[in-house]
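Quick note, the working numbering runs 299 ahead of the 1-based positions in the sequence shown.
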Amino acid sequence: MTNSVRIPDNNFLAFIAILGAIQLPANAQPVDNPAVFALASEVAEEVELIREVMGRPFDDSPRLPASNVSQLEAFFQAQTLFRKANQLAQEIAGAARLAAPALPEGVPQPADTQAVILQAREQIGLVRDALGIDAEVSPVPRGSSSVTGVFMTIIDLNRQLNLLLDTPIAPSDVFDQVSLAVLYSAGILSKFGVSEFPPAAPFDGHKQPGDVYALLLETIDEVSDISRRAGVNVLRLSSSRNIPDDIEPGHVYDIARILVSTLALLADALDAEEIFSTLEKPARIFPTQVYERATILERQLAQLSPLI
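Here's what the structure looks like:
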C-alpha cells in the first residue's frame, strides 16, 4: 500500500506554490556508468599521487580480458576497493577498521557502486592528509564508458593498492572468498537435490599463488558457461588470459571476488537457498590449502554442469 498525504483544500494553492519553488540544480545529472567511471578514474589519480610519495612500484599488470560485466560484479569490486583503501588508511593514517558497505537490496545500480567508491575515496583522503599531499587532481569528464569500463578501472585500482599495503593480502583472505564461492555453489546444487560437499581433489604437490590463479580462472569460465545455458548474463573472460607475472595473493583475491560475484548472480537468478555451513578451516593457510579448497568448487561445478 502506498502512503499518501492529504492536502487541505484551503492550502492547495500554497502547496502548488511550494512545489513550483522546488527545482533541481541546473547541472544535476543522473548517476550512470560514465559518472562512476569518471569518479573511479579520479580516485586512481589520487592513488597515483600516494604511490609517488611512498616510492612504491607502478602496477603494470596486463588488463584482465573481461566482458559482459554486470552491475553486481562491478559493485563487488568496489567493495574490494573500499577494503584495501581502508587497510591503507589504517596503516598510514591510523584510521579505524571498517567493514565494506553492504550489498544493497535488489539489483545494484550505478549509484550504489558510486557510493562505495566515494567511501573508498574518503579513506584515500585520510592517507593523503597523513602524507601531506595537497595536490588536486583534475576532474575527469564524463564519457561513454560502460559498466565494463567501470569494472576494469576498479580492478586496476585494486591491483595498484596491493603494492601500497605494508600488510599484503594473505592466502587466508583468498581462502575465505573461495569458501564463500563453495557455499554459493552448494546453495545452487541443493535446488537439484545435491546436499553433500564433494571432497577436495587428492593432494598432488604444493602450490604457488599462480596455480590458484589459473584454477580460479578455469572455474570462472565454467560458471560463465553454466550461466549462459541457464540464461543468466555474467562476466566472461577472453581466451587470452593476460596472466600477470609474479602473481601474489592480492591478484588471486581479486579473481576470487569475481568468482564470488558471478556465482552470486547465478544463485540469485535460480532462486537458490543460502547455505550456512561451517567449512573446516586449517590453522595455517598457504596457497596449497587455497588450491585444495578451490578443487571442491571445481568438483561442485562438474556436478552442476549436466543439471543445467
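From the three backbone atoms N, C-alpha and C, an ideal C-beta is built for every residue, glycine too.
Exposure label - residue i; buried when at least 16 CB within 10 Å
i, result
"P324", "Low local confidence applies: a pLDDT of 45 at P324 is under 50, so the model's placement there is unreliable, and no value is given."
"R396", "exposed"
"H550", "buried"
"N461", "buried"
"T412", "buried"
"T466", "exposed"
"Q599", "buried"
"R420", "buried"
"A480", "buried"
"Q507", "exposed"
"D475", "buried"
"K383", "buried"
"S604", "exposed"
"L596", "buried"
"R583", "exposed"
"V477", "buried"
"I321", "Residue confidence for I321 is low, a pLDDT of 38 falling below 50, so the modelled location carries little weight; the figure read from the coordinates is stated next. Looking at its Cβ environment, which holds fewer than 16 other Cβ atoms inside 10 Å, I321 is exposed."
"T594", "buried"
"F357", "exposed"
DSSP three-state assignment for residue i, whether helix, strand or coil
i, result
"R396", "coil"
"L562", "helix"
"L488", "helix"
"L536", "strand"
"I542", "coil"
"I607", "coil"
"P548", "helix"
"I321", "Any reading at I321 must be qualified, since the residue scores a pLDDT of 38, below 50, and its modelled position is unreliable; the value itself is stated next. In the structure shown, I321 sits in coil (DSSP, three-state: anything other than H, G, I, E or B)."
"F496", "coil"
"Q389", "helix"
"V553", "Note that residue 553 is Asp in the sequence shown, not Val. D553: helix per DSSP, three-state reduction."
"A373", "helix"
"A568", "helix"
"Q378", "helix"
"A401", "coil"
Host alpha helix (DSSP H) of residue i (start-end)
i, result
"N367", "Element bounds for N367: n/a, residue is neither H nor E."
"E351", "332-353"
"D510", "508-528"
Check: residue i C-beta below 7 Å from any heavy atom of the ligand GDP
i, result
"A593", "Among the components modelled here there is no ligand, and therefore nothing to report on the ligand GDP."
Go through the region 573-601 residue by residue and report every complete run of the beta strand (DSSP E) that reaches 3 residues or more, in order. Entirely contained in the region 573-601, not one beta strand (DSSP E) run reaches 3 residues.
Whole alpha helix (DSSP H) elements within the region 409-483, 4-residue minimum: Within the region 409-483, the runs of alpha helix (DSSP H) at least 4 residues long that lie entirely inside it are, in chain order, 409-429, 446-461.
Touching by the beta-carbon criterion (3+ pairs, under 8 Å), the region 409-424 and the region 473-486: With a cut-off of 8 Å, the region 473-486 and the region 409-424 do not count as touching, because too few Cβ pairs lie within range.
Please determine if the region 386-403 and the region 432-446 are in contact, where contact requires at least 3 C-beta pairs separated by less than 8 Å. Under the three-pair Cβ rule at 8 Å, the region 386-403 does not count as touching the region 432-446.
Is the number of C-beta pairs between the region 518-533 and the region 331-343 that are closer than 8 Å three or more? Touching, no.
Any contact of the region 468-480 with the region 585-592, i.e. 3+ C-beta pairs under 8 Å? Touching, yes.
Touch test, the region 359-374 against the region 534-548, Cβ-Cβ under 8 Å, three pairs minimum: In this structure the region 359-374 lies against the region 534-548, because at least three pairs of beta carbons, one per stretch, are closer than 8 Å.
Decide if the region 560-573 is in contact with the region 522-531; the criterion is three or more beta carbon pairs, one per stretch, under 8 Å apart. Judged by pairs of C-beta atoms under 8 Å, the region 560-573 touches the region 522-531, as three or more such pairs exist.
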